[in-house]
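Participant:
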Amino acid sequence: MRKRQAKKRPLLPDPKFNDQLVTRFVNMMMWDGKKSVAFKIFYDAIDIVEQKKQDEEKSALEIWKDALSNVMPHVEVRSRRVGGATFQIPMQIRPDRKVSTAMKWLISFARKRNEKSMAAKLAAEVLAAAKEEGAAVKKRVDTHKMAEANKAFSHFRF
4 MRKRQAKKRP LLPDPKFNDQ LVTRFVNMMM WDGKKSVAFK IFYDAIDIVE
54 QKKQDEEKSA LEIWKDALSN VMPHVEVRSR RVGGATFQIP MQIRPDRKVS
104 TAMKWLISFA RKRNEKSMAA KLAAEVLAAA KEEGAAVKKR VDTHKMAEAN
154 KAFSHFRF
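Just so you know, we're using this note's numbering here: the sequence shown kicks off at 4 and counts up by one.
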């Protein structure tokens, strides 16, 4: 390889929960560099989760982390050309990519919901994902099904 691997920039943990994962999530949610707005949306969503949760012994942040792990895919299909035909080849996902994909899906499906504010949308999607339902979890299930269906081509792996 000619190019070097890009250096991972260290993330500052967020001010309220002192958690780097939260900062990473907020960075993905942010539009136009408006980080304070993104943080406000996230914290409001966590407050809504705190009010609406059924599970009393878990904190809202733990519910969010559960939701994230429920959305995380373990395998995905990658396209690969073999002799003029394109095959969908199931592959394991790197741990950091799992987290990124889960965050992307949570945010994008939250944006598609029809609640009033983004905070309400995010809270609703998080609560649904924590209960193993909702669009983001469905996306993970579909991805796994796709990988399962194409298991026959796994011998084409690199």
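Note that the Cβ used here is the ideal one computed from N, Cα and C, for glycine as well.
Keep in mind the model is a prediction, meaning the values are calculated, not measured.
Per DSSP, residue 93 is paired with what?
Facilitator: Note: residue 93 sits in a beta bridge opposite 80.
Participant: To the nearest angstrom, how far is it from the Cα of residue 82 to the Cα of residue 91?
Facilitator: Answer to the nearest angstrom: the Cα atoms are 5 Å apart.
Participant: Run through the segment 21 to 66 for me and flag every whole alpha helix (DSSP H) of 4 or more residues, listed as ranges in chain order.
Facilitator: Complete alpha helix (DSSP H) runs here, min 4: 23 to 32 and 38 to 55.
Participant: Output the boundary residues of the alpha helix (DSSP H) element that contains residue 109.
Facilitator: Element bounds for residue 109: 98 to 115.
Participant: Under 7 Å from any heavy atom of the ligand NAP, does the C-beta of residue 77 make it?
Facilitator: The model on display carries no ligand, and the ligand NAP is accordingly not part of it.
Participant: Whole angstroms are fine: how far does the CA of residue 146 sit from the CA of residue 5?
Facilitator: Using only the alpha carbons, I get a separation of about 33 Å.
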